[in-house]
Every structure is written in C-alpha cells, then in structure tokens.
Amino acid sequence: MYYEPGTSHHGLPFDPFKSCVVPRPIGWLSTLSVDGVANLAPFSQFNNATFDPPYVMAACNAHFDGREKDTVVNIERTGEFVWNMATFDLRDAVVTSSREFGPEVDEFEVTGLTKAPSRLVKPPRVAESPVNFECKLHTTLFIPGDTPMGNFTLIVGRVVAVHIADGCVRADGRLDIERIRPLARMGYHDYTSISEVFTMPPQTSAIAQAGQEGNTEKIHAAMAQAGIAKN
Ligand SMILES: Cc1cc2nc3c(=O)[nH]c(=O)nc-3n(C[C@H](O)[C@H](O)[C@H](O)COP(=O)(O)O)c2cc1C
Numbered sequence: 002m003y004y005e006p007g008t009s010h011h012g013l014p015f016d017p018f019k020s021c022v023v024p025r026p027i028g029w030l031s032t033l034s035v036d037g038v039a040n041l042a043p044f045s046q047f048n049n050a051t052f053d054p055p056y057v058m059a060a061c062n063a064h065f066d067g068r069e070k071d072t073v074v075n076i077e078r079t080g081e082f083v084w085n086m087a088t089f090d091l092r093d094a095v096v097t098s099s100r101e102f103g104p105e106v107d108e109f110e111v112t113g114l115t116k117a118p119s120r121l122v123k124p125p126r127v128a129e130s131p132v133n134f135e136c137k138l139h140t141t142l143f144i145p146g147d148t149p150m151g152n153f154t155l156i157v158g159r160v161v162a163v164h165i166a167d168g169c170v171r172a173d174g175r176l177d178i179e180r181i182r183p184l185a186r187m188g189y190h191d192y193t194s195i196s197e198v199f200t201m202p203p204q205t206s207a208i209a210q211a212g213q214e215g216n217t218e219k220i221h222a223a224m225a226q227a228g229i230a231k232n
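As structure tokens, then:
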C-alpha cells in the first residue's frame with residue numbers, strides 16, 4: 002500500500018501512522034504551575050535527543066480547541082520539568098495521569114503516586130518510578146498543524162540530574178532493563194514493555210562505539226588525546 006498523508010487516504014479502518022514508529026518511550030513529565038500545583042502527564046512523542054550533555058525532547062499537541070496542555074504552559078513559564086520512567090508496574094497510573102484534568106488538579110493526588118523532592122529543579126519526581134531526569138528547558142518550538150489539535154510544541158530540555166533506583170542496577174553495573182520493564186507506546190491503544198534484550202557486537206571504530214554507548218568519558222579523553230578542543 003502507499004498513501005500521502007493529508008493528500009490520499011490509507012484505505013485502512015485505523016490510521017497506521019503511529020503504529021509505524023514503535024515502540025516509543027513515554028515521556029512521563031512532572032511539572033509545577035506558577036501557583037505551585039504539581040502536574041503529571043505522559044507523552045509518547047518523546048525521546049532522548051543527544052547525550053553529551055544529555056537532552057530530551059517531547060512533542061506536545063494542543064487540546065482540541067487549540068489550548069496548550071498544562072505541561073507546556075508549566076514548562077514555558079517555569080523552565081523546568083522532570084522525566085519519570087514509565088514502567089509496566091506503573092501502567093495504570095500512567096493512563097490515569099493522561100486524563101484531561103484542569104490545571105488546578107494535581108495528578109500525583111489523583112493517581113496516589115508519591116512525590117519525591119528533586120535537587121536542582123522544583124517539580125517533584127515520581128518516587129515509584131525507577132529513573133528520573135531533572136531537566137531545565139533549553140528551547141520550545143511551536144509547529145502549526147492542519148487543525149488546532151495538530152499544532153504542537155516541541156520541548157527540548159537539558160538533563161541536569163539523573164536518579165536511578167539502586168535495585169535497578171545489576172551487579173555488572175548496567176541497568177536491569179528486564180527487571181524494570183519500561184513501558185512503551187505502540188499504535189492504536191496498544192502498549193508493550195521490554196522483557197527481552199539481546200546484544201550485537203558493534204562494527205564501528207572505537208570512538209564511534211563510544212558515541213553509540215553514550216560514553217562521554219571515553220569521548221572526552223579521546224578528544225583530549227587528539228588535541229581537539231571542547232566546544
Ligand atoms: C501513553 C500516552 C501517551 C501520550 N502521548 C502524547 C503525546 O505524545 N503528545 C500529546 O500531546 N499528548 C499525549 N498524550 C495525551 C496527554 O497525556 C494528555 O493530553 C494529558 O491530559 C495532558 O496533560 P496536561 O494537560 O496535564 O499536560 C498521551 C497519552 C497517553 C496515555
């Protein structure tokens with residue numbers, strides 16, 4: 002099959018687009034309003050953007066009537082957010098936190114999740130989540146869609162602090178992903194969680210491998226040895 006989005010129809014009963022980019026990690030973002038009300042919502046149009054230093058990005062569509070979501074309003078006003086890893090065990094709370102509550106509603110209270118204090122930003126972390134990134138807003142980019150709901154704001158944030166629960170690190174020093182079971186979005190209303198991991202030997206140069214691993218120490222050392230100045 003072939004179709005041109007917005008021009009020709011896919012001919013299927015369900016739009017296949019979101020099912021083509023899977024699985025997507027979930028940006029479960031906690032923020033604070035200027036009035037100090039905590040907010041928590043999931044965004045699957047989310048990923049890490051780079052690693053040296055680490056950045057994440059999330060694409061937040063507007064509401065049906067074009068109003069910005071609370072997450073976007075809070076991040077644009079305060080410049081801070083926290084990413085909380087969504088897991089299979091936390092799946093019900095993830096979906097509950099996606100309900101369209103008003104800005105006065107604290108989704109931590111609705112879901113019964115516990116607030117853990119952050120160190121470098123004000124929004125609280127989800128204590129039950131095994132990994133949290135404290136983030137400072139780098140930039141937002143508004144991109145208009147075909148409808149007000151199609152409008153979206155791309156949020157790019159710098160990760161300034163990382164919390165990883167002790168029990169989630171294996172004896173060999175790697176994250177125990179099979180135990181954590183990160184939750185991910187598929188198409189439609191489908192989800193998956195990682196329960197199987199396999200490794201393939203890299204085929205690139207040592208420095209490219211360091212980039213693939215996100216090993217900044219190795220990269221900085223190699224740069225220094227080669228006499229390449231830092232940015
Ligand atoms: C798993 C999941 C993923 C979602 N991903 C997105 C997304 O990528 N972008 C978006 O605009 N809304 C997404 N939503 C919907 C938002 O979570 C929802 O609009 C929420 O009410 C926004 O809350 P807020 O107004 O407190 O920011 C998703 C919902 C779920 C359940």
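Using the numbering used here, read the sequence shown as starting at 2 and increasing by one per residue. Built from N, CA and C at the ideal position, the CB exists for glycine as well. A quick note: this is a predicted structure, and the numbers were derived from the prediction, not measured.
- CYS21 is classed as exposed because its beta carbon has fewer than 16 other beta carbons within 10 Å across all chains shown.
- In the DSSP assignment, GLU218 falls within the alpha helix (DSSP H) that extends over 217-227.
- Closest option to ARG175, judged by alpha-carbon separation, among THR72, SER119 and ASN216: ASN216.
- At least one heavy atom of ligand 1 falls within 8 Å of the beta-carbon of GLY28.
- Of the other Cβ atoms in all chains shown, 16 or more fall within 10 Å of the Cβ of TYR192; this residue is therefore buried.
- In the displayed model, LEU13 falls within coil according to three-state DSSP, outside both helix and strand.
- Secondary structure of GLU135 (DSSP, three-state): strand.
- Within the model, the alpha-carbon separation for PRO131 versus GLU5 is close to 40 Å.
- The beta carbon of ALA60 is closer than 6 Å to those of GLN46, PHE153 and LEU155 in its chain, skipping five residues each way along the sequence.
- Pairing PRO125 with PRO26 gives a Cβ-Cβ distance that is not under 9 Å.
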